[in-house]
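Engineer: If you're matching them up, the sequences are chains U and D in order.
Quick note: to get our numbering, add 2 to the position in the first sequence (first position is 1).
Quick note: to get our numbering, add 208 to the position in the second sequence (first position is 1).
Every residue, glycine too, gets a C-beta built ideally from N, C-alpha and C.
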Amino acid sequence: MTAAVVRRLLQAVMVMLAMTVIVFIAINVIGDPVDILISPDADQIERARVVQALGLDLPLWQQYLRFLWAALHGDLGESYVYNEPAIRVILERLPATLELAVAAILIAIVVGVPLGLYAGLRPDGILTRVIMTVSILGFSLPTFWVGLVLIMFFGVQLGWLPSGGRGQTAELFGVQWAFLTKDGLAHLILPAVNLALFDACLILRLTRAGVAEVLPLDFVKFARAKGLKETRVIGVHVSKNIMIPVVTIIGLEFGSIVAFSVVTESVFSWPGMGKLIIDSINVLDRPIITAYLMATVAFFVIINLVVDLTYTALDPRVRLQGEGP
Amino acid sequence: MSVDTLPPPMPVEVEKGEEAPFRVLVRAFFRSPAAVTGFVLLTAIIGLALLAPLITPQNPYDLNQLDIMDSRLPPGSQSMTGMTFWLGTDDQGRDMLSGIIYGLRISLGVGVSSALFAALFGASLGLLAAYVGGRTETAIMRIVDLQLSFPSILVALMILAFLGKGILNVVLALVIVEWATYARAARGTALVERRKEYMEAAESLAIPRWRILFVHLLPNCLPPLIVIATVQVARAISLEATLSFLGLGVPITEPSLGLLVANGYQYMLSGMTWISFYPGVALLITVVAINLVGDRLRDVLNPRGRE
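Take a look at the structure:
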């Protein structure tokens, strides 16, 4: 067990190191680092000064070590646009993205699980067919286009909900949140639904498959034979057993949702990390791009690490895997 | 599948010759109405894309044919010269129908070429991993696992953030995003195929390794790869559209469907919805048609893979 944990931790560190190398090479070999690291407004004297100050006259491996050292101290350069440390600009946007991602996950669960249960319990129903067809569409439709259609109907045609921005925010624990105000909540609905669509379909299908698998099992027959009410059989005995894969996928999908919020945030002008990175790419604000990539990769490495370690702790079979087939 | 289960005996068709198994597959494929719909739609879409210059009412790239007076007309309006814009026009006075058909060319081209290159690259590595084994296999599969643990859009974003816009860059990004899926599938199939007798026969004949890999092993691993490739074309088209919508994909001079949607986005809030809506519908029909065909192909080619 300890060996497995240590090996996994080492692996995570290796991945992060590999990422720093890739990002470093991308900045220093593909592009001209002087252009990337120095503001385009600088004159020749300023450039020469910065080249020396940044150590761009040093050999590449020394430059890499400097970059790594600075990155370890949370210093990934200063944004050209905001004139603040890049990492701080990103962290400022983090609550907006988290808020959106959590709202999307909640919607996906609230919609996906009951519909999946229904589809699993009535596999031949007409409504089930409708649900399954819609869920295939939910997988196929590109997120950004669904977002546009949502804006078109609910924002423009019906005028029920605001079509962009985050609305009013209120402070909680020193951070601004939109879901605390009525206006902010109205702004949150459309983007959250948009982001939730894919995962709602995923959870729906998982739940349905789980029900179909569990229903014919002996313990369900036994629960019924005991004379338990159908609501209890489904609500307790079946639900408990299908929730394991559903909870796993929710954990794994959280990272995906944060990544895909890039699209939704851009469509709905939601001021989170995703919109920031797209704006920064468009104006070539390289420190922000670098910081975003490093932060997201770190985020994913941590999620994967936590999931793997939880599995290792819970399921002994996983420990034996990976030693070859 | 355990090793000792015998494969079903190959049907020997004496009268019909070698085409027979293929015909059986084709007949099975067309038994599903959904697959027929998908196939017809897809054929029509590919036909439109290929014949674009011959059938579109207007060449959307030819500035001489555009008139700024015709800009942002709703669907069904007439141009100054009497031409009808069935799907309206965009802000440059371009006929949306022509724009969409030309956009299909780019979307399909990017999707198909990236899926093809990714398949070549990924399948080769997957076969190699299964065939050689040992350290090579571990190294390749580690990278595959690692890459599949990151969402596709993040990887593509990372690549395009550094390489910049452009059709070739998009294709490259899509290949890098997709190869791992093929590698994993190819290895899985190859591990089963490797143990079969024809491989033993080939190895005992001292045929060069590359020949065993690509002439003996690869053709027998193809069916699952074809299924994946079909679905991946749809995914690639969708991802390309997303990237182009975000302004990271194809350049403005070669607009794909996603870029057309993005161009109309700014006019949507003023009620001019057609500029964004119809390219999106075209994108949707394309993706759904490919997925319908892909689903049926999976059922026909790989009965075990059914849900």
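1. What does E48 of chain U pair with, by DSSP beta-bridge criteria?
2. Quick check on the DSSP output: what are the complete alpha helix (DSSP H) runs of length 4 or more inside the stretch 199 to 228 of chain U, in order along the chain?
3. Can you check which of these residues, U:E267, U:F141 and U:V308, is closest to L96 of chain U by C-alpha distance?
4. From the DSSP secondary-structure annotation, give me the bridge partner or partners of P297 of chain D.
5. Only counting the same chain, and skipping five residues up and downstream in sequence, which positions put a Cβ closer than 6 Å to that of G502 of chain D?
6. Within the 9 Å Cβ cut-off, does N377 of chain D reach chain U?
7. Name the chain U residues whose beta carbon is nearer than 7 Å to that of F358 of chain D?
8. Since A110 of chain U and A202 of chain U are thought to touch, with beta carbons under 8 Å apart, how far apart are those beta carbons, to the nearest angstrom?
9. Rounded to whole angstroms, how far is the Cβ of D310 of chain U from the Cβ of R51 of chain U, which I believe are closer than 8 Å?
10. Which chain U residues sit within Cβ distance under 7 Å of V495 of chain D?
11. In three-state DSSP terms, what is E80 of chain U?
12. Mind reading off the beta-carbon distance from I253 of chain D to A497 of chain D? Whole number of angstroms is fine, and I expect it under 8 Å.
13. For a test of the three-state rule: what should DSSP assign to W272 of chain U, helix, strand or coil?
14. Would you list the one or two residues that DSSP bridges to Q440 of chain D?
15. Could you tell me which chain D residues have their CB closer than 8 Å to the CB of S258 of chain U, listed as they occur along the chain?
16. Check the Cβ of M366 of chain D against every Cβ in chain U and list those closer than 8 Å, keeping chain order.
17. Which same chain residues, not among the five before or five after A88 of chain U, have their C-beta less than 6 Å away from its C-beta?
18. What residues in its chain sit with their C-beta under 6 Å from that of D287 of chain U, if we drop five residues either side in the sequence?
19. Going along chain D in order, which residues have a C-beta closer than 7 Å to the C-beta of A28 of chain U?
20. Given this structure, state the Cα-to-Cα distance separating F453 of chain D from Q64 of chain U, to the nearest angstrom.
21. Go to E101 of chain U, then tell me how far its alpha helix (DSSP H) extends in each direction, as first and last residue.
22. Leaving out the 5 sequence neighbours to the left and right, which residues in its chain are closer than 6 Å to K184 of chain U when beta-carbon positions are compared?
23. What are the complete alpha helix (DSSP H) segments, minimum 4 residues, inside the stretch 348 to 389 of chain D?
24. Between which residues of its own chain and Y66 of chain U is the CB-CB distance below 6 Å, once the five residues before and five after are set aside?
25. Could you say which of D:L250, D:R313, D:Y486 and D:P265 lies nearest to L152 of chain D if we only look at CA atoms?
26. Taking 8 Å as the cut-off, does the stretch 329 to 348 of chain D touch the stretch 366 to 375 of chain D (at least 3 CB pairs, one atom from each stretch)?
27. How big is the Cα-Cα spacing for A315 of chain U and V234 of chain D?
28. Using 8 Å as the threshold, is the stretch 261 to 271 of chain D in touch with the stretch 329 to 340 of chain D, meaning 3 or more CB pairs across them?
Structural biologist: Per the coordinate set shown:
1. None, per the DSSP bridge assignment.
2. DSSP runs (the alpha helix (DSSP H)) wholly in the stretch 199 to 228 of chain U: 220 to 227.
3. For the options U:E267, U:F141 and U:V308, the alpha carbon positioned closest to that of L96 of chain U is the one of U:E267.
4. The amino acid occupying residue 297 of chain D in the given sequence is Thr; Pro does not appear at that position. Assignment of beta-bridge partners to T297 of chain D by DSSP yields D:D303.
5. If the five residues before and after G502 of chain D are omitted, its C-beta is found closer than 6 Å to the C-beta atoms of T438 and V439, all from its own chain and listed in chain order.
6. No, its Cβ sits nowhere closer than 9 Å to a Cβ of chain U.
7. F302, listed in chain order.
8. Contact flag correct, Cβ pair sits at about 4 Å.
9. Not really, about 47 Å apart at Cβ, beyond 8 Å.
10. In chain order: S142.
11. If DSSP states are grouped into helix, strand and coil, E80 of chain U belongs with the strands.
12. Correct: roughly 6 Å between the Cβ atoms.
13. In this structure, W272 of chain U counts as coil in the three-state DSSP scheme.
14. The secondary-structure analysis by DSSP pairs Q440 of chain D with nothing; it has no beta-bridge partner.
15. By Cβ distance, chain D contributes P359.
16. Within 8 Å Cβ-Cβ: L295.
17. So the list reads L78, G79, S81, P289, I290 and A293, once near-sequence residues are dropped.
18. So the qualifying residues of the chain are S81, Y82 and V83.
19. Under the 7 Å cutoff, chain D gives F370.
20. Roughly 39 Å between the two C-alpha positions.
21. Residues A88 to L123.
22. Cβ within range, chain order: n/a, list empty.
23. Within the stretch 348 to 389 of chain D, the complete alpha helix (DSSP H) runs of at least 4 residues are 360 to 371.
24. The residues F26, in chain order, have a CB closer than 6 Å to that of Y66 of chain U in the same chain once the five nearest residues on each side in sequence are set aside.
25. Outside the shown range of chain D, which is 209 to 515, sits residue 152 of chain D, and nothing can be said about it.
26. No, they do not touch.
27. Approximately 49 Å between the Cα atoms of the pair.
28. With a cut-off of 8 Å on Cβ pairs, the stretch 261 to 271 of chain D is not in contact with the stretch 329 to 340 of chain D, counting fewer than three such pairs.
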